[in-house]
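Chemist: What follows is a single structure, and I will ask about it in a moment.
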C-alpha cells in the first residue's frame, strides 16, 4: 500500500523525535515553542508530485523534506554542516518506513534570518519518493 501524505509526515517527524545524532531541537512548521532555544530546526515536508504506477491503483508521492536550521549569528557556519552530516547518515539514500526512498541532499546557507537578525539560517533539503 502506498504511503499517504499524513504517513510521510509522521515518518519524518518520528525520526526527529528520536535520537538521530544531534542535539538540535526540531519543531514542525507552524509550531511556536513557549521558549525558543538559541539554536533549533523547523521541519517542512513538501509533497509536490503524485502519480499512479502503470495500471495499478497504487500511487507514489514525490517531494522534499526541508529542515530550516537556525543558530546564533557570529559563531560561523560550521554548525549547519555538522547537522547536515548527521542527517545524511540517517536520511540520505535510505529506505524508510512506509516505503519512502530518500535521494540526495543539499545544504543551502541563507545568511541572517529576515525575521530575527540575531539568527543565521541554513536549509537542509532532501528529496524523497514514496512507493
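Residue numbers (this note's numbering): 12 to 142. Cβ coordinates follow ideal geometry from the N, Cα and C atoms, glycine included.
Can you give the beta carbon distance from residue 109 to residue 14, rounded, assuming they're within the 8 Å contact cut?
Modeler: Residue 109 to residue 14, Cβ: 4 Å. Contact.
Chemist: How should residue 36 be labelled, buried or exposed, when 16 other C-beta atoms within 10 angstroms of its C-beta is the threshold for buried?
Modeler: Exposed, since its Cβ has fewer than 16 Cβ neighbours within 10 Å.
Chemist: If we call anything under 7 Å between Cβ atoms a contact, is residue 70 one with residue 58?
Modeler: Cβ atoms of residue 70 and residue 58: not closer than 7 Å.
Chemist: Can you list, in chain order, the residues of its chain with a C-beta nearer than 8 Å to that of residue 16? Leave out the 5 residues immediately preceding and following it.
Modeler: Hits under 8 Å: 58 and 72.
Chemist: For residue 139 and residue 106, what's the separation of their Cα atoms in angstroms?
Modeler: Residue 139 and residue 106: Cα-Cα distance of roughly 9 Å.
Chemist: Could you tell me if residue 117 is buried or exposed, where buried requires 16 or more neighbouring beta carbons within 10 angstroms of its beta carbon?
Modeler: Its Cβ having fewer than 16 others within 10 Å, residue 117 is exposed.
Chemist: Run the CB neighbour count on residue 22, radius 10 Å, all protein chains shown included, and call it buried at 16 or more, exposed below.
Modeler: It counts as buried.
Chemist: Kindly identify the DSSP beta-bridge partner or partners of residue 20.
Modeler: BP columns for residue 20 are empty, so no partner.
Chemist: On the criterion of 16 or more Cβ atoms from any shown chain inside 10 Å, does residue 126 qualify as buried, or is it exposed?
Modeler: When all chains shown are included, residue 126 counts as exposed.
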